[in-house]
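Each residue of the sequence shown is one higher than the one before, counting from 32 in the numbering used here.
Here a beta-carbon is modelled for each residue, glycine too, at the ideal position from N, C-alpha and C.
Worksheet: one structure, shown below.
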Amino acid sequence: MQSIVLLHGATGAASQLQSLADALSKTYSVHTINFSGHGGEPMPEAFSIELFAKQVLTFLDVRQLVSPIVFGYSLGGYVGMYIARHHPGRISKLITLATKFHWDETIAAKQQRSFDANVILEKAPAFAEQLQQMHAPNDWKEVLRKTGVMLTKLGNRNILGAEDYPQVQTETLLIQGDKDRMVTLEETIAVFRALPANSARLCVLPGTPHPLEQVDLNMLISLIG
32 MQSIVLLHGA
42 TGAASQLQSL
52 ADALSKTYSV
62 HTINFSGHGG
72 EPMPEAFSIE
82 LFAKQVLTFL
92 DVRQLVSPIV
102 FGYSLGGYVG
112 MYIARHHPGR
122 ISKLITLATK
132 FHWDETIAAK
142 QQRSFDANVI
152 LEKAPAFAEQ
162 LQQMHAPNDW
172 KEVLRKTGVM
182 LTKLGNRNIL
192 GAEDYPQVQT
202 ETLLIQGDKD
212 RMVTLEETIA
222 VFRALPANSA
232 RLCVLPGTPH
242 PLEQVDLNML
252 ISLIG
């Protein structure tokens, strides 16, 4: 049975992907992973794409997963693309959903405001409680802080540039919702056009915003195949 590895997004955890994992288990050997510091995993000194990518590669080695499919939601898709670019042959296919590829200082500063724990406590206490439960025993505020620092560094130096995508030989499917307010359709199309034409596909989901919980699960499963 073909293996598929599911990667969660920024400040998320493997638990968010459980419904998708359960649905895919009928046709795939499904594996999920919590990035360092997420979902109760030991907290590293700092978050980085390179750290998360190395963790995924170690996970593949330990589980003896040879050329699995990788599905990455949001930041998980960025990690998957980094692996496809810098570690060719390690994955057979990459599927990204709602992944932001374009980063600069202005975008990073705007996203940084989304990770203000005090604002979340004031305006979305239920979400704060969800984050607390998701990352226990870690401090969810620390998860947010380190995520913000990581994105600021990405804004200063995007480690996946326009010159990288033509080098990606992995079969790739980019999926984005047409109502995603975090990821522009233009940046996703730009990445699609930069990838080798014979190995890249693009799909836009109608009536779909950024949050994973609002994506039509059946539609997503049909695209994964």
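Rounded straight-line distance, which links the Cα of residue j to that of residue i
i: Q163; j: G71; result: 10 Å
i: L55; j: N249; result: 10 Å
i: E76; j: T178; result: 12 Å
i: E217; j: L233; result: 12 Å
i: V36; j: I206; result: 17 Å
i: H244; j: Q142; result: First, the residue type needs correcting, since residue 244 is Glu and not His in the sequence shown. Taking the straight line from one Cα to the other gives about 20 Å.
i: L191; j: V222; result: 10 Å
i: I255; j: I80; result: 24 Å
i: R224; j: P168; result: 43 Å
Residue i burial status per 10 Å Cβ neighbour count (16 or more: buried)
i: P73; result: exposed
i: D211; result: buried
i: S67; result: buried
i: T137; result: exposed
i: T127; result: buried
i: M181; result: buried
i: T201; result: buried
i: Q47; result: buried
i: R116; result: buried
i: G43; result: buried
Bridge partners - residue i, DSSP secondary structure assignment
i: S34; result: S60
i: K131; result: K131 is not bridged to any residue.
i: V101; result: V36, L125
Pair every Cβ in the stretch 230 to 243 with every Cβ in the stretch 140 to 159, then say whether three or more of these pairs are closer than 8 Å. no
For the stretch 200 to 241, list the alpha helix (DSSP H) runs that are entirely contained and at least 4 residues long, ordered along the chain. 216 to 225
What beta strand (DSSP E) runs, 3 residues minimum, are completely inside the stretch 159 to 208? 202 to 208
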